[in-house]
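Numbering (UniProt numbering), first residue to last: 1 to 68. The beta carbon of each residue, even a glycine, is placed where N, CA and C say it ideally should be. Note that this is a predicted model, so its numbers are computed, not measured.
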Amino acid sequence: MDSERHSLIVKITAEVEEIGKVLEENGITDDKDIQALCYEALSDIYPGRGLKIVQRSKAWKIIQASLK
């Protein structure tokens, strides 16, 4: 189950426990679901300069790294 240890939900929870718990409580644990949620929500929630703030967060860096 090595892939489970490297999933986004595991990495996010390790860095930012509160965010990981919210995602898990809402059944958002699949990597693709987490990526889609972030991309869809960020443009609506944080237009313009707000996006730069979010991109600096630990959770966002984990998601970005998984896409490379």
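Under the three-state DSSP convention, the category S66 falls into: The residue labelled residue 66 in the question sits at position 66 within the sequence shown. Note: S66 maps to helix in three-state DSSP.
Whole-angstrom distance between K32 and K21, CA atom to CA atom: Your numbering for residue 21 matches position 21 in the sequence shown. Your numbering for residue 32 matches position 32 in the sequence shown. Spanning the two alpha carbons is a distance of roughly 17 Å.
Just to confirm, is the Cβ distance from A65 to I12 under 8 Å? Taking the first residue of the sequence shown as position 1, residue 65 is located at position 65. Taking the first residue of the sequence shown as position 1, residue 12 is located at position 12. No; because the gap between Cβ atoms is not below 8 Å, this pair is not in contact.
Looking only at its own chain, which residues have a Cβ that is under 8 Å from the Cβ of I62, when we skip the five neighbours before and after it? By one-based count along the sequence shown, residue 62 stands at place 62. Once the five neighbours on either side are set aside, the close Cβ partners of I62 are L8, K11, I12 and E15.
Taking 8 Å as the limit between beta carbons, can you name the residues of its chain near S57, skipping five residues before and five after? Along the sequence shown, one-based indexing puts residue 57 at 57. Contacts found: V16.
Continuous alpha helix (DSSP H) stretch holding G20: start and end: For the purposes of this step, residue 20 is taken as residue 20 along the sequence shown, with counting starting at 1. Note, G20: alpha helix (DSSP H), E17 to E25.
Helix, strand or coil for I34 per DSSP? Start at 1 with the first residue of the sequence shown, and residue 34 comes out as number 34. Three-state result, I34: helix.
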